[in-house]
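Just so you know, my numbering puts 277 at position 160 of the sequence shown, and the rest follows in order with no gaps. Idealized CB from N, CA, C, for every residue including glycine.
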Amino acid sequence: MPVPVLTIDGPSGSGKGTISRAVARRAGWHLLDSGALYRLVALAGLEHKLERDDVAGHVRVAAAMDVRFGTDPQTESVLLEGREVSHTIRSEQMGQEASRVAAWPAVRAALLGRQRAFAEPPGLVADGRDMGTVVFPQAELKIFLTASAEERARRRYNQLKQKGSSASLSALSREIAERDARDSSRAVAPLVPAADAERIDSTDLAIEAVIERVIELGRRRALWA
Ligand code: C5P
118 MPVPVLTIDG
128 PSGSGKGTIS
138 RAVARRAGWH
148 LLDSGALYRL
158 VALAGLEHKL
168 ERDDVAGHVR
178 VAAAMDVRFG
188 TDPQTESVLL
198 EGREVSHTIR
208 SEQMGQEASR
218 VAAWPAVRAA
228 LLGRQRAFAE
238 PPGLVADGRD
248 MGTVVFPQAE
258 LKIFLTASAE
268 ERARRRYNQL
278 KQKGSSASLS
288 ALSREIAERD
298 ARDSSRAVAP
308 LVPAADAERI
318 DSTDLAIEAV
328 IERVIELGRR
338 RALWA
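1. Just to check my reading of the structure: residue 211 and residue 160 have Cβ atoms closer than 8 Å, yes? What is that Cβ distance to the nearest angstrom?
2. Leaving out five residues before and five after residue 154 in sequence, what residues of the same chain have Cβ atoms less than 6 Å from its Cβ?
3. Residue 215 lies in the alpha helix (DSSP H); which residues open and close that run?
4. Please classify residue 325 as buried or exposed, where buried requires at least 16 neighbouring CB atoms within 10 angstroms.
5. Residue 245 and residue 311: beta carbons closer than 7 Å?
6. Give a yes or no on whether the C-beta atoms belonging to residue 242 and residue 158 are separated by under 7 Å.
7. For the putative contact between residue 238 and residue 120, defined by C-beta atoms under 8 Å, what is the C-beta separation to the nearest angstrom?
8. Go to residue 325, then tell me how far its alpha helix (DSSP H) extends in each direction, as first and last residue.
9. To the nearest angstrom, how far is it from the Cα of residue 269 to the Cα of residue 141?
10. Taking the runs of the alpha helix (DSSP H) that are 4 residues or longer, which of them lie wholly in the segment 222-266?
11. Go ahead and pull the three-state DSSP assignment for residue 202.
12. Touch check for the segment 162-178 and the segment 323-339: three-plus C-beta pairs under 8 Å?
13. Taking 7 Å as the cut-off, decide whether the C-beta atoms of residue 184 and residue 221 are in contact.
14. Just tell me which of 313, 135, 303 has its CA closest to the CA of residue 225.
15. DSSP on residue 315, reduced to helix/strand/coil?
16. Under DSSP, the beta strand (DSSP E) around residue 176 begins and ends at which residues?
17. Provide the residue span of the beta strand (DSSP E) that contains residue 196, from first to last.
18. Starting from residue 308, follow the alpha helix (DSSP H) in both directions and report where the run begins and ends.
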């Protein structure tokens with residue numbers, strides 16, 4: 118039996134991470150945070166002191182790195198080569214680095230099998246930019262989540278503050294705009310909605326309302342009761 122997949126794609130700050138985690142928990146499904154994989158490639162590249170333009174080196178790292186995601190939703194632990202790196206990879210700087218290595222087709226190809234392996238019974242919620250278009254084109258339900266650029270910068274700001282990181286709202290707005298432009302304009306797997314994606318604009322919606330809408334869409338497709 119093929120494993121059912123729900124994909125949630127969208128730009129940074131659209132609420133994908135929070136919504137994906139909550140829906141996965143409600144459904145009792147597995148979760149793939151594909152952005153974390155790109156962040157890990159960027160971090161591993163820095164740790165291996167790779168040149169910034171060493172594509173082959175980053176491909177090797179993407180294929181070989183030992184990654185484990187903790188299952189405790191409280192800690193959201195991410196282990197790289199056995200070391201806890203969840204805090205390190207969440208910085209805005211690592212987001213920028215991730216977006217840079219993510220533009221290389223060979224790095225994306227190296228992560229493809231790793232991402233698909235997350236699809237295990239009873240089901241998978243996959244969070245990213247190209248989950249519905251490239252990694253799981255056969256997904257039962259595809260969501261494209263957006264929000265205005267101002268609202269996304271504000272959310273990111275609050276998120277970083279909450280984690281104890283310092284941030285400036287204007288710098289974040291600029292960085293998010295830069296990252297959006299790079300993610301949307303790259304040649305391979307750009308950030309675009311799949312033709313069959315359900316679009317949800319979360320600018321004026323509370324998190325709970327978005328979760329309910331996704332749960333309802335899943336119910337209509339008989340993904341859960
Ligand atoms: O979602 P997150 O902010 O963690 O993603 C970090 C970066 O990784 C994104 O800006 C994007 O460039 C890249 N990414 C990607 N494809 C995905 C997930 C993330 O290119 N499926």
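Checking against the coordinates, here is how it stands:
1. Between residue 160 and residue 211 the Cβ distance is about 6 Å, and since that is below 8 Å, they are a contact.
2. Same-chain partners within the cutoff: 228.
3. Where residue 215 is concerned, the enclosing alpha helix (DSSP H) stretches over 209-218.
4. By the Cβ neighbour-count rule, residue 325 is exposed, with fewer than 16 other Cβ atoms within 10 Å of its own.
5. Inclusion of residue 245 and residue 311 in the CB contact set at 7 Å is not warranted, their separation being larger than that value.
6. No. Outside cutoff.
7. Right, the Cβ-Cβ distance comes to about 6 Å (below 8 Å), so this counts as a contact.
8. Per DSSP, residue 325 belongs to the alpha helix (DSSP H) from 324-337.
9. When only Cα atoms are considered, residue 269 and residue 141 end up about 22 Å apart.
10. Runs of the alpha helix (DSSP H) inside the segment 222-266: 222-233.
11. Three-state DSSP puts residue 202 in coil, outside helix and strand.
12. In short, these stretches do not touch, since the Cβ pair count stays below three.
13. Cβ atoms of residue 184 and residue 221: not closer than 7 Å.
14. Each of 313, 135, 303 was checked against the Cα of residue 225, and the nearest Cα belongs to 303.
15. Residue 315: strand per DSSP, three-state reduction.
16. Annotation: residue 176 is outside any beta strand (DSSP E); the continuous alpha helix (DSSP H) that includes it extends over 172-181.
17. Counting along the chain, the beta strand (DSSP E) containing residue 196 begins and ends at 195-197.
18. Residue 308: not part of any alpha helix (DSSP H); DSSP gives it neither H nor E.
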